[in-house]
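For reference, the structure discussed in these notes is given below.
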Amino acid sequence: MIKYIIRRLVQSIPTLFGITFLSYLLLWLAPGSVVERLYLAPNIKAETRARLAAQLGIDDPFHIQYLRWLTGDDWLRWDTDGDGIADQSFGLLAPLDEDGDGVPEPPGDNYGILRGDFGRSFVKKQPVTEVFIANLPATLELGIAAVLTSLAIGIPVGVISAVTKGRLFDNVARVMAVIFDAIPNFWLGYILLYVFGVLLDIVPLGGRCVPNLYGVCPSLFQRLIYLPLPTIVFAAGFVALFSRYVRTSTLEVLSQDYIRTARAKGLSPRVVNFRHAMRNAMIPVATLLGPIITNVWAGAIVIETVFAWPGVGRIAFTSAIQQDYPVVMGIVILASIATILGFLLSDILYVLIDPRIRLD
Amino acid sequence: MGKLIRVLFLVVFVSLFAVGASAQEGGILIGTNFGGDPTTINPLLTNNTVDLSLTEFLFPNIYNIDPVTRAPMKAGRNDQDNGLALDWTLSEDGLVYTFTLRDDVTWNDGTPVTAHDYKFTFDALASGETSSPRGSVLQSVESVEAVDDTTLVVNLKLASCRALDELNDFGILPKHHIEPLIAGDFAEIDNLEYNKHPDVTSGVFNFGALVADEQTSMIRNDNHWMPVSPEGYILRNVPDQLVGIEQFLAGEVNSVGTAGSASVPAVRMQEFRDRAEAGEFQIYEYVDDGLTFVGFNLADRGNPVNGLDEDGNPVDQGNHHFFGDIRVRQALAQAVNYVDIIEGAAEGEGIQVNSFGTPALWGYDSSIEPWEYNPEAALALLAEAGFVDHDDDSSTPLVATEDALYAEPGTEFAFELLTNSGNLVREAAGIVIQDQLGQIGIAVDFQTIEFGPLVTFLLGQDFDAIMIGFTNLAQDTDARNVFTPVGDTVGGGFNFVSYRNDRVTELYDQALSLPGCDFHERQALYHEISQILHDDVPWWWLFAPFSMYAESNAVQNWMPYAETRYANMANIAISP
Numbered sequence: 001m002i003k004y005i006i007r008r009l010v011q012s013i014p015t016l017f018g019i020t021f022l023s024y025l026l027l028w029l030a031p032g033s034v035v036e037r038l039y040l041a042p043n044i045k046a047e048t049r050a051r052l053a054a055q056l057g058i059d060d061p062f063h064i065q066y067l068r069w070l071t072g073d074d075w076l077r078w079d080t081d082g083d084g085i086a087d088q089s090f091g092l093l094a095p096l097d098e099d100g101d102g103v104p105e106p107p108g109d110n111y112g113i114l115r116g117d118f119g120r121s122f123v124k125k126q127p128v129t130e131v132f133i134a135n136l137p138a139t140l141e142l143g144i145a146a147v148l149t150s151l152a153i154g155i156p157v158g159v160i161s162a163v164t165k166g167r168l169f170d171n172v173a174r175v176m177a178v179i180f181d182a183i184p185n186f187w188l189g190y191i192l193l194y195v196f197g198v199l200l201d202i203v204p205l206g207g208r209c210v211p212n213l214y215g216v217c218p219s220l221f222q223r224l225i226y227l228p229l230p231t232i233v234f235a236a237g238f239v240a241l242f243s244r245y246v247r248t249s250t251l252e253v254l255s256q257d258y259i260r261t262a263r264a265k266g267l268s269p270r271v272v273n274f275r276h277a278m279r280n281a282m283i284p285v286a287t288l289l290g291p292i293i294t295n296v297w298a299g300a301i302v303i304e305t306v307f308a309w310p311g312v313g314r315i316a317f318t319s320a321i322q323q324d325y326p327v328v329m330g331i332v333i334l335a336s337i338a339t340i341l342g343f344l345l346s347d348i349l350y351v352l353i354d355p356r357i358r359l360d
Numbered sequence: 001m002g003k004l005i006r007v008l009f010l011v012v013f014v015s016l017f018a019v020g021a022s023a024q025e026g027g028i029l030i031g032t033n034f035g036g037d038p039t040t041i042n043p044l045l046t047n048n049t050v051d052l053s054l055t056e057f058l059f060p061n062i063y064n065i066d067p068v069t070r071a072p073m074k075a076g077r078n079d080q081d082n083g084l085a086l087d088w089t090l091s092e093d094g095l096v097y098t099f100t101l102r103d104d105v106t107w108n109d110g111t112p113v114t115a116h117d118y119k120f121t122f123d124a125l126a127s128g129e130t131s132s133p134r135g136s137v138l139q140s141v142e143s144v145e146a147v148d149d150t151t152l153v154v155n156l157k158l159a160s161c162r163a164l165d166e167l168n169d170f171g172i173l174p175k176h177h178i179e180p181l182i183a184g185d186f187a188e189i190d191n192l193e194y195n196k197h198p199d200v201t202s203g204v205f206n207f208g209a210l211v212a213d214e215q216t217s218m219i220r221n222d223n224h225w226m227p228v229s230p231e232g233y234i235l236r237n238v239p240d241q242l243v244g245i246e247q248f249l250a251g252e253v254n255s256v257g258t259a260g261s262a263s264v265p266a267v268r269m270q271e272f273r274d275r276a277e278a279g280e281f282q283i284y285e286y287v288d289d290g291l292t293f294v295g296f297n298l299a300d301r302g303n304p305v306n307g308l309d310e311d312g313n314p315v316d317q318g319n320h321h322f323f324g325d326i327r328v329r330q331a332l333a334q335a336v337n338y339v340d341i342i343e344g345a346a347e348g349e350g351i352q353v354n355s356f357g358t359p360a361l362w363g364y365d366s367s368i369e370p371w372e373y374n375p376e377a378a379l380a381l382l383a384e385a386g387f388v389d390h391d392d393d394s395s396t397p398l399v400a401t402e403d404a405l406y407a408e409p410g411t412e413f414a415f416e417l418l419t420n421s422g423n424l425v426r427e428a429a430g431i432v433i434q435d436q437l438g439q440i441g442i443a444v445d446f447q448t449i450e451f452g453p454l455v456t457f458l459l460g461q462d463f464d465a466i467m468i469g470f471t472n473l474a475q476d477t478d479a480r481n482v483f484t485p486v487g488d489t490v491g492g493g494f495n496f497v498s499y500r501n502d503r504v505t506e507l508y509d510q511a512l513s514l515p516g517c518d519f520h521e522r523q524a525l526y527h528e529i530s531q532i533l534h535d536d537v538p539w540w541w542l543f544a545p546f547s548m549y550a551e552s553n554a555v556q557n558w559m560p561y562a563e564t565r566y567a568n569m570a571n572i573a574i575s576p
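See below:
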């Protein structure tokens, strides 16, 4: 098992590099820049915008920008005598006086993603890690609530659908699953906001809490009113997914000999269905964990934007619009790692749940 | 002993009572912010409305702005605004401004705000080492000297009437607090924790807290030089104006604003008017300080070059095959029904503008008659310019004859009009333009594209015509960067249409270097420029949108002006 995990992790490294390279390339190819987004105004001179672009390093060629993001720039241009002025540089990649104004450029101070430095946000002007730390709890809160809700609803619905196959409950559940799977979550979000927030006025119109003047949010229990709508929208698709998977696998399990034996021994249908059948029917659900983690990241972008939920997804959306590369790339990295680990976790759970399976 | 305890008790009781009496319990004002978290709360680095909506209540400026005329205004001794200058003079040669500053303004730690603070902030900007976008002041200012705490001398490189405006382009930093933090390296200003949590400020509020993607708050400054009523001011992040409106109507926030009609349907604007009329809340409407226009590329699109060479001499940029001819531009200005655009596309939420600017700006000349819809006159002008209906079929484009100045004979009159996708007003206006020009034989290939590519085409001068808008135009009407060859630089300049008119350039120069910088004389010069720009039609002058502030009835003593939501923040009270 350990060998397998190590091998999978090592195999994922080139995948991760590929993802970062393609993502950075796509961002770089996008027309415009963060400087034009933020500083396009008649009273800001073109020279000023050029200086700001140079300070951010976005006027450099692609390979330099990507290399700097990957490995940092402290080795490209550095200060040996401690006077704060760069006096050594790495050849042609980073000339000491790159702009030719007779003054050496400042020494690099970025360590690069390979050494755990995500860089600084162009827009928020603070380390990307601080941006994540500020926003990650909100995404985890919503993601966990959505996954738990979908498991709590999807699994029983799937089991009951299987044991009532062809009857009213099963038909309704299947139709509802298709509907919830098909409804775009942003649309459902706006509809729920309109009905419950505007017409009925019983939930707030977005946000996660109402901090006081000093920025303190009430405890989770006191701000639960903010959670139901985004959780429902987030969980709707997952409920549909889980219920269909569980229904299918439960039907398969129910036709097994050991279930027939259990029934023949006189066990109650409840014990047969929920103790014997459901546990074995859970095996395919474990394989869903990887895709679910990916979907939590992807869904967070839309749902957090619709509900003004202050999480990483909302940051991802605004940063992509503003072409804030360091933040977008940081989120790409985190999402990629989460996805890789999610699929790995699925494989491991598969083995833990079903002892017949061996990882090779 | 018992007597002593009683006396002590009395002292404590009286002091508690005194504290309670001095505190102004004015409630908490809760506003909406549609632009996300502030990028920075350092007044030297700010460059968006979110940042500015905070710094205006936290940092001093060199002088006040008259909320009515938006011209520089000298401060009074008991003024609640953050302007420091009680008076200023300009030397006879127009090269030296001398400011006399208030001596009663302090930072919230008790340190006086002085001329040294302004000099420190200016020097940081002039170093070019910060990421401040506020460098325009460096075009005209040579240096700043703090003669003493209350006397500031500004030496100009050249006589420039714009300099006064530019000197107020940034708020003032507390030198005594920042200088030790940066150890002489101005570049370090970019990295200060202070930029997110400014603890030493000087305004009606102190900074409170920034909760990422939720809200930013400010708390009453009890050390302010005049009593401040509101207990605090919270700016709550809201994803868009429509949600903000609903939150306002639900009572979740005290105030909301709409900037133009692009994002708020006219029906909601009207609903606000009706409900305000019925006394449900208060509103204030004004014409926005931005305009929507179509820029015509006047130069050869196939070979974009700067308007001036390195020595400042004019460069031959070629001529656009249609828009290089002024008669064509004037014809187009009469070929579209502005009522249809404003009433249809903008749903009535705007007014037609006649030239550069809007009525909100002091240089705008409201007496100029805007272009009117007159398709017959447009066709006559086009015929004079050499574009005729060769087949008596109005559904096919006009074609150029030998008389056309820059188009090859036989060229069909067809051009590309671009605008940014997502702006519903511009998208609708483009369709109106496409339809109405089609009726007189001009084929418009109207395309909506993402903002990023649009800017690339715009600044690269690689377009026929682009519909776009300017917002938050500067208080000073000088637009030499927009309408003279100085700003005609490919890739970055704002004279992206390559407009050149020597008289306009001359008038801008005069308005900039007018001895004494008399306000009315400058205004007259800008009015003359406005008339020429109206006649030359380098831009298709379309409209300026209406904007609205709304406050709940709980907000008392509210005194709004155009572009100034709270002119008297210190006096505002919010009833429970």
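Chains A and B supply the protein sequences, listed in that same order. Residue numbering for the first sequence is 1 to 360, as defined by this note's numbering. Residue numbering for the second sequence is 1 to 576, as defined by this note's numbering. Ideal placement from N, C-alpha and C gives every residue a C-beta, glycine not left out.
Problem - Beta-bridge pairing of B:A544 - partner residues as DSSP gives them - result: B:I351
Problem - Beta-carbon neighbours of A:N135, restricted to chain B and to distances below 9 Å - result: Per Cβ cutoff of 9 Å: A212 and D213.
Handout entry: CB contact check: A:Y214 to chain B, cutoff 7 Å
Key = yes
Exercise for the section: Name, going along the chain, the residues of the stretch 322-336 of chain B whose beta-carbon falls closer than 8 Å to a beta-carbon of chain A. Expected result: none
Problem - Contacts that A:R365 makes with chain B (C-beta to C-beta distance below 8 Å) - result: Shown here, chain A extends from 1 to 360; a query on residue 365 of chain A therefore has no answer.
Exercise for the section: Quick one: using the 10 Å Cβ neighbour count with 16 as the cut-off for buried, is A:A202 buried or exposed? Expected result: As written in the sequence, residue 202 of chain A is Ile, which differs from the Ala given in the question. A residue is called buried once 16 or more other Cβ atoms fall within 10 Å of its Cβ, and A:I202, having fewer, is exposed.
Practice task
Starting from the C-beta of A:F118, find all residues in its chain whose C-beta is less than 6 Å away, skip the five residues before and the five after it, and write them out in chain order.
Solution key: Excluding sequence neighbours, A:F118 sits near V128, T129 and G330.
Problem - Three-state class that DSSP yields for A:A286 in the structure shown - result: helix
Practice task
Pull up the distance between the alpha-carbon of A:F221 and that of A:L142, whole angstroms please.
Solution key: 14 Å
Exercise for the section: Name the two residues that bound the continuous alpha helix (DSSP H) containing A:F343. Expected result: A:F343 -> alpha helix (DSSP H) spans Y325 to I353.
Problem - B:L158, buried or exposed, once every other Cβ within 10 Å from all chains shown has been counted against 16 - result: Around the beta carbon of B:L158, a 10 Å sphere encloses fewer than 16 other beta carbons of the protein chains shown; the residue is thus reported as exposed.
Handout entry: Neighbour-count burial assignment, B:A250, 16 or more Cβ in a 10 Å radius
Key = exposed
Practice task
For A:V327, count neighbouring C-beta atoms within 10 Å of its own C-beta (all shown protein chains included) and say buried if the count is 16 or more, exposed if not.
Solution key: buried
Problem - 3 or more residues per run - each beta strand (DSSP E) lying fully within the stretch 377-461 of chain B - result: Qualifying beta strand (DSSP E) stretches, in chain order: 414-420 and 443-449.
Problem - Under the three-state DSSP convention, the category B:V555 falls into - result: strand
Practice task
State the beta-bridge partners of B:D148 as determined by DSSP.
Solution key: B:T151
Exercise for the section: Answer yes or no: does any C-beta atom of chain A fall closer than 7 Å to that of B:A570? Expected result: Between B:A570 and chain A, the shortest Cβ-Cβ separation is not below 7 Å.
Handout entry: Reduced DSSP secondary structure (H/G/I, E/B, other) of B:V294
Key = If DSSP states are grouped into helix, strand and coil, B:V294 belongs with the strands.
Problem - Span of the beta strand (DSSP E), counted from its first residue to its last, around B:A85 - result: A85 to L90
Handout entry: chain A contacts from the stretch 241-262 of chain B (Cβ-Cβ distance under 7 Å)
Key = Correct list: V243, E246, Q247, A250 and E252.
Exercise for the section: Taking all protein chains shown into account, decide if B:W539 is buried (16 or more other Cβ within 10 angstroms of its Cβ) or exposed. Expected result: B:W539 is buried by the Cβ-count criterion.
Practice task
Determine, using beta carbons only, whether B:A299 and B:Q317 come nearer to each other than 7 Å.
Solution key: yes
Exercise for the section: Report the neighbours of B:D509 on chain A: residues whose CB is nearer than 9 Å to its CB, in chain order. Expected result: Ordered by position in chain A, no residue passes the 9 Å Cβ test against B:D509, which lies about 17 Å from the chain.
Problem - For B:T130 and A:Y226, the rounded distance between their alpha carbons - result: 40 Å
Practice task
Would you tell me roughly how many angstroms separate the C-alpha atoms of B:L138 and B:A126, rounded to the nearest one?
Solution key: 7 Å
Problem - Where the alpha helix (DSSP H) containing A:R263 begins and where it ends - result: D257 to A264
Handout entry: chain B residues whose Cβ lies nearer than 7 Å to that of A:Q126
Key = K196
Exercise for the section: Mind listing, in chain order, the continuous beta strand (DSSP E) runs of no fewer than 3 residues lying wholly within the stretch 190-263 of chain B? Expected result: 205-211, 215-220, 232-237 and 255-259
Handout entry: Between the CA atoms of A:F21 and A:I13 - distance to the nearest angstrom
Key = 12 Å
Problem - Buried versus exposed, by CB contacts within 10 Å (16 or more), B:L4 - result: A caution first: B:L4 carries a pLDDT of 48, below 50, which makes its placement in the model too unreliable to give a value.
Handout entry: B:A465 - containing beta strand (DSSP E), residue span
Key = A465 to F470
Problem - Residue from B:I532, B:G203 and B:N42 whose Cα sits closest to the Cα of B:A330 - result: The amino acid occupying residue 330 of chain B in the given sequence is Gln; Ala does not appear at that position. Ranking the options by Cα distance to B:Q330, first place goes to B:I532.
Practice task
Could you pull the start and end residues of the beta strand (DSSP E) that B:L158 belongs to?
Solution key: Run containing B:L158: none; DSSP gives neither H nor E here.
Problem - C-beta neighbour in chain B for A:L52, strict 7 Å - result: yes
Practice task
Within the same chain, show all residues whose beta-carbon is closer than 6 Å to that of B:D340, passing over the 5 residues directly before and after it, in chain order.
Solution key: V432
Practice task
Name the residue from B:L242, B:H320 and B:E280 whose alpha carbon lies nearest to the alpha carbon of B:Y499.
Solution key: Ranked by Cα distance from B:Y499, the first of B:L242, B:H320 and B:E280 is B:H320.
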